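Here the protein sequences line up with chains A and B, keeping their order.
Note that this note's numbering has the first sequence beginning at 1, numbered continuously upward.
Note that this note's numbering has the second sequence beginning at 1001, numbered continuously upward.
Every residue, glycine too, gets a C-beta built ideally from N, C-alpha and C.
Computed from a prediction, not measured in an experiment: that's the story for all the values here.
What follows is one structure encoded as structure tokens, with my remarks underneath.
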Amino acid sequence: MPLMNASEQKRLAERYLEEIRELATEPFTIMEVCGTHTVAIAKSGLRSLLPANVHLISGPGCPVCVTANSDIDRFLYLAAQPGIITATFGDMLRVPGSRQSLAGLRSEGADVRIVYSTLDALELARRHPAQEVVFLGVGFETTAPTVALAVEKAQAAGLANFSVLAMHKLVPPALRVLAEDPELHVDAFLDPGHACAVIGTIPIEFMASEYGKPGVVAGFEALDILEAILMLLRQRQEGRAAIEIQYARVVKREGNRAAQAAIARVFEPRDAVWRGIGAIPESGLGIRREFADWDAANKFSLPEFDAGEIPGCRCGDILRGRINPHACPLFASRCTPVQPIGPCMVSSEGTCAAYYRYAGPQR
Amino acid sequence: MDKITMAHGSGGRLTHQLIRSVLQKQLGNAYLDQMNDAAVVPAGERIAVTTDSFVISPLFFRGGDIGKLAVCGTVNDLAVSGAMPRFLALGLILEEGLALADLERIIASVADAARKAGVQVVTGDTKVVERGNADKVFINTTGIGLLRPGEPVGPKRIRPGDAVLINGTIGDHGIAVLSEREGLEFQTPVASDCAPLNGLVDQFFGPGVKCMRDPTRGGVATTLNELALQAGVSIVIDEEALPVSPGVEGACGMLGLDPLYLANEGKVLAIVAPEAEETVLAKMLNHPFGRQARRIGTVTADEPGLVLLQTALGAKRIVGMLEGEHLPRIC
């Protein structure tokens, strides 16, 4: 997208909206599956500009939100051990497990550090040789490549006090579960811009070819999302179902081969439990055996936790796109950003947090 | 002796030496030099008093340090309350082991900032705590200012139709401190906007100025939310009008931060009557601390208590108060 000044952007947006209005003669429900899209849509106030027939709903796009309670309890257990420095991306800090969060543990003396990149965590390990640095590997395919590179760097340097607790999730298996859900009525998908920058669109083309659901990989500016919505409406009008790329400046059909290779060298697919959805086969990433010394799950004996869901919390249904936050009885009453009950409210990319923050607590 | 020790806090000879050679040397004036338990100062019938504590980490950052901040923060609270700042009390809590050179540098900053703001440090206190019980230096300043005659400024005077003005770019202090603390190097280095605003306020103040606030912790968003609630009005911010420097914009984009929630230490939000907007803006632009002044929003009656953002594409969405911790120890 060429750099445009504000009035040119407004004109282009108006053109997109005009055509969207023309094409939206029937209800059209689009689901996004990327936390950054959730926030971008809420922050840009796009819903207030779209015609009533076009519904944007959120799916399981927030990697923090889909991390199972049992996984959270596992890393909280580890973080509380003496001699451990837990390095994490910021949005994991306040996510509640059965009893606590990392922020709570930190205020009780646990050493928890926020890092902006996995390489910062490596640096922590170099600077604190007497302590074990555990990096919480959360995210979709977007973050997996840099985590893989960090593990390889640690191996090459013989850095013995660094490890990763791998909890990464994969987008294509989740999309398949959504396509197969008889209770989910979605016409099309807004596909994740940065995950697809890594994996390309080939792994998600089955959504169109097998399930007839159009998809467009969208960027994160308001204009990107509007253009992607328009592309989806055009597909419906032309009776087509394909996976197209709006975010062409960053995403290619074959994705980023080097990033894919890094993931393949260090990780392998394994079964994973998604909050709200349950177990999805081959939907997570585990660290390969040759890197076992940098796999926190292997290095430390971690108990298995069997944490159930929080009573009353409807994060699961929200993540599956079955309800929107206003339908949860706890939303904005007992569950607020300051006192969150479930991860959808506490994560900066959570659907409930985005609704609360930008659309307001009022029902 | 090049480090602060517990003996410096005992009240005895070393304390006296410290006060004379560092504090009095830099800050000395007719009031302070009397070295009484309290300073007796001339003030009118109506005075404004405010206090602030400064625990910022790191102590020194691009554009300022804890000393400058301790003066400007309190001066600005007085200025936006419609008072003319005159006197400061300076309380220091020093951690055992603090380098004397650092203390001298900080006090030199206090002295310089006080001179520029036209205020005097008339009294103070110095304590020392054991290593580990404070983070190098904590400062408290209490300020006294003389209220201007006339109707006081405050949220009660805000009405739908009033204009929301600001004197310059937002988020500079927050990003400057974060960069220093996290060791982040941006291609466009960002400096704190820390500055005393009383001179600027003197310039533009008039009957059309209904309310002023300085948007420190929590940023412009939190301050406007407070005002909307206190005044029972709604405020619509014009996204396109928000002044954000390229350095802050870039840093926020990379770190996922919103400039509306970042601390400022040299900004004043002024809510002014529509008929006074043009004059106030012209006067702001005429002052070194107001060169990028502009109108950023309007007070409305539509949704009392709420702050809304009109986006560049014409959509509207809510700007909430800051929830939870943004950046700790920013001031």
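My assumption, with CB atoms under 8 Å, is that B/E1130 sits in contact with B/T1005. Please give the rounded CB distance.
Not confirmed; about 10 Å, so no contact.
Let me check one thing: in DSSP terms, what residues is B/V1319 bridge-paired to?
Looking at the DSSP assignment, B/V1319 forms no beta bridge with any residue, so it has no partner.
In whole angstroms, what is the alpha-carbon distance linking B/E1220 and B/T1300?
It is Val, not Glu, that sits at residue 1220 of chain B in the sequence shown. Those two C-alpha atoms are separated by around 17 Å.
Taking 6 Å as the limit between beta carbons, can you name the residues of its chain near A/M1, skipping five residues before and five after?
Any reading at A/M1 must be qualified, since the residue scores a pLDDT of 48, below 50, and its modelled position is unreliable; the value itself is stated next. Excluding positions up to five away in sequence, the list is empty.
Return the CA-CA distance between B/A1101 and B/D1172, expressed in angstroms with no decimal places.
Their backbone Cα atoms lie some 27 Å apart in a straight line.
Measuring CB atoms only, is the stretch 1081 to 1089 of chain B touching the stretch 1172 to 1190 of chain B, in the sense that at least three cross pairs come out at less than 8 Å?
Counting Cβ pairs under 8 Å, fewer than three are found: no touch.
I need the DSSP call for B/R1086, collapsed to helix, strand or coil.
B/R1086: strand per DSSP, three-state reduction.
Would you mind reading off the limits of the beta strand (DSSP E) that contains A/R265?
No beta strand (DSSP E) contains A/R265, which is instead part of the alpha helix (DSSP H) from R257 to V266.
Excluding the 5 residues preceding and the 5 following B/C1194 in the sequence, name in chain order all residues of the same chain whose CB lies nearer than 7 Å to its CB.
So the list reads G1063, G1064, K1068, L1069, C1072, H1173, E1265 and G1266, once near-sequence residues are dropped.
Can you tell me which of the three DSSP states A/H55 falls into?
A/H55: strand per DSSP, three-state reduction.
Does any residue of chain A have a CB that is nearer than 8 Å to the CB of B/L1313?
Interface residue, yes.
Can you list the residues of chain B that A/L230 reaches, using a CB-CB cut of under 9 Å?
Simply none; closest approach about 14 Å.
Using 8 Å as the threshold, is the stretch 1227 to 1238 of chain B in touch with the stretch 1291 to 1310 of chain B, meaning 3 or more CB pairs across them?
Result yes; three or more Cβ-Cβ pairs closer than 8 Å.
Is the beta carbon of B/R1213 sitting closer than 8 Å to the one on B/V1080?
Yes, Cβ-Cβ distance for B/R1213 and B/V1080 is below 8 Å.
Return helix, strand or coil for B/Q1310, following the three-state DSSP convention.
Reduced to three states, the DSSP call for B/Q1310 is strand.
Which of the three DSSP states, helix, strand or coil, is assigned to A/C313?
A/C313: coil per DSSP, three-state reduction.
Check whether the Cβ atoms of A/L233 and A/L23 sit closer than 8 Å, and answer yes or no.
Yes, these two residues count as a Cβ contact at 8 Å.
Only counting runs of 3 or more residues, tell me where the beta strand (DSSP E) segments fall wholly within the stretch 281 to 334 of chain A, in order along the chain.
Counting only runs of 3 or more, we get nothing.
Is the stretch 84 to 103 of chain A close to the stretch 120 to 136 of chain A, with three or more CB pairs under 8 Å?
Verdict: yes, contact present.
Please list, in chain order, all residues of the same chain as A/C111 whose beta carbon is under 6 Å from its beta carbon, the five residues on each side excluded.
Inspection of the sequence shows that residue 111 of chain A is occupied by Asp rather than by Cys. The residues are I85.
Is B/E1249 closer than 8 Å to B/A1163 when the C-beta atoms are compared?
No, the Cβ-Cβ distance between B/A1163 and B/E1249 is not below 8 Å.
With 8 Å as the limit, tell me which residues of the stretch 32 to 43 of chain A have their beta carbon closer than that to any beta carbon of chain B; keep them in chain order.
Within the stretch 32 to 43 of chain A, the qualifying residues are A42 and K43.
Beta carbon of A/S98, beta carbon of A/D71: below 8 Å?
No. Outside cutoff.
Is any beta-carbon of chain A found at less than 8 Å from that of B/A1320?
Sequence check: residue 1320 of chain B is Gly here, not Ala. Interface residue, yes.
For A/E396, which beta-bridge partners are listed by DSSP?
This structure gives no information on residue 396 of chain A, because the portion of chain A shown stretches from 1 to 363.
For B/P1288, write down the residues that DSSP places opposite it in a beta bridge.
DSSP lists no partner for B/P1288.
Going along chain A, which residues have a C-beta under 9 Å from B/E1323?
Simply T336, P337, V338, A353, Y356 and R357.
Roughly how many angstroms separate the alpha carbons of B/I1318 and A/Y358, rounded to a whole number?
In a straight line, the C-alpha of B/I1318 is about 5 Å away from that of A/Y358.
In chain B, which residues lie less than 8 Å from A/L49 when you measure between Cβ atoms?
Those are L1313, G1314 and A1315, listed as they occur along chain B.
Tell me A/I243's beta-bridge partners as DSSP assigns them.
BP columns for A/I243 point to A/G215.
From B/V1280 to B/F1205, what does the alpha carbon distance come to, in whole angstroms?
Between B/V1280 and B/F1205, the C-alpha separation is close to 8 Å.
Give the DSSP-derived three-state secondary structure of A/M31 in the structure shown.
Correct three-state label for A/M31: strand.
Could you tell me whether the Cβ atoms of A/C65 and A/S347 are closer together than 8 Å?
Yes; because the gap between Cβ atoms is below 8 Å, this pair is in contact.
Would you say B/L1088 reaches chain A, if we count a Cβ-Cβ gap shorter than 8 Å as a contact?
It does not; no Cβ of chain A falls within 8 Å.
If we ignore side chains and look at the alpha-carbon of each, how far apart do A/A373 and A/G308 end up?
The structure shown does not extend to residue 373 of chain A, since chain A is modelled only from 1 through 363, so no value can be given for it.
Give the interface partners of A/K10 over in chain B, defined as CB-CB distance under 8 Å, in chain order.
In chain order: A1312, L1313 and G1314.
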